[in-house]
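In terms of numbering that gives the first Met the number 0, the sequence shown is residues 0 to 170. Where is the CB? At the ideal position from N, CA and C, for every residue including glycine.
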Amino acid sequence: MDITQVILIQHAEQRQGFAYLDDIDRHDAARLGPVWERLAILLEAHAAAEERYFYPRLLEIGTGGGEQESAASETKDAIKDHNEIRDAVRDAGEQDVGSDEWWDAVVEARKANSDHMAEEEREDLADFRRHADLATRHAIALDFLAFEAEHATGIRTRDRDPDAYVAGHDA
0 MDITQVILIQ HAEQRQGFAY LDDIDRHDAA RLGPVWERLA ILLEAHAAAE
50 ERYFYPRLLE IGTGGGEQES AASETKDAIK DHNEIRDAVR DAGEQDVGSD
100 EWWDAVVEAR KANSDHMAEE EREDLADFRR HADLATRHAI ALDFLAFEAE
150 HATGIRTRDR DPDAYVAGHD A
């Protein structure tokens with residue numbers, strides 16, 4: 000088990016969750032609501048687990064991947080992305096499921112999540128694979144999955160300040 004593989008697999012699950020919404024009649028709140036709720040929980044549990052287990056280790060051992068100059072810049076960008084996803088999910092939660100406003104918020108969540116996953120796969124995960132040994136990647140995966148399982152019914156969301164997050168995890 001490798002945390003980078005776990006994250007990639009969950010990214011595919013997130014993409015599939017948005018695709019499920021596409022397949023449901025746009026006004027069928029009885030079906031859209033539960034599918035969206037499950038996806039919203041998955042998005043937050045995933046982000047919270049990354050912030051708790053993956054990004055602190057990336058800050059310790061990463062050097063920057065892709066277009067990022069450092070692990071700190073990668074991490075700040077990821078936390079900012081998580082906040083954008085959270086904000087869109089929160090906005091969807093304030094709308095009537097299936098309404099145009101709800102769909103607008105869901106689309107915003109999808110865009111923010113898609114952008115985040117692409118950057119993370121291209122930069123953060125590549126950086127981590129280059130610098131973390133398999134034992135470390137395995138140990139983080141176990142903690143990550145246990146945390147998500149403990150929070151399978153949901154997590155209280157809150158935005159985080161990217162600069163404060165990185166400052167609080169400096170090695």
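If the criterion is Cβ atoms closer than 8 Å, does the pair residue i and residue j meet it?
| i | j | result |
| --- | --- | --- |
| ARG109 | PHE53 | no |
| ALA70 | THR62 | yes |
| ASP162 | ASN82 | no |
| LEU31 | ILE23 | yes |
| ARG56 | ILE139 | yes |
| ASP76 | ASP114 | no |
| VAL105 | LEU20 | yes |
| PHE146 | ALA29 | no |
| LEU141 | MET0 | yes |
| GLU50 | ILE78 | yes |
| HIS10 | GLU120 | yes |
Evaluate residue i with the Cβ neighbour count: other Cβ atoms within 10 Å of its Cβ, from every protein chain shown; 16 or more gives buried, anything less gives exposed.
| i | result |
| --- | --- |
| MET116 | buried |
| GLY64 | buried |
| HIS26 | exposed |
| GLN13 | buried |
| ASP37 | Residue identity check: residue 37 is Arg in the sequence provided, not Asp. With fewer than 16 Cβ atoms within 10 Å of its Cβ, ARG37 is classed as exposed. |
| ALA134 | exposed |
| ILE8 | exposed |
| GLU66 | exposed |
| GLY196 | Nothing about residue 196 can be read from this structure; the chain reaches only from 0 to 170. |
| GLY172 | This structure cannot speak to residue 172, because the chain is shown only from 0 to 170. |
| HIS137 | exposed |
| HIS45 | buried |
| ALA111 | buried |
Which residue marks the beginning of the alpha helix (DSSP H) containing residue i, and which one marks its end?
| i | result |
| --- | --- |
| ILE154 | Element bounds for ILE154: n/a, residue is neither H nor E. |
| TYR19 | 2-21 |
| TYR164 | 161-167 |
| GLU36 | 28-48 |
| ARG56 | 54-60 |
Q | Every unbroken alpha helix (DSSP H) inside the stretch 108-145 [4 residues or more] | A | 124-130
**Q.** Contiguous alpha helix (DSSP H) assignments of at least 4 residues, all confined to the stretch 69-110
**A.** 70-92
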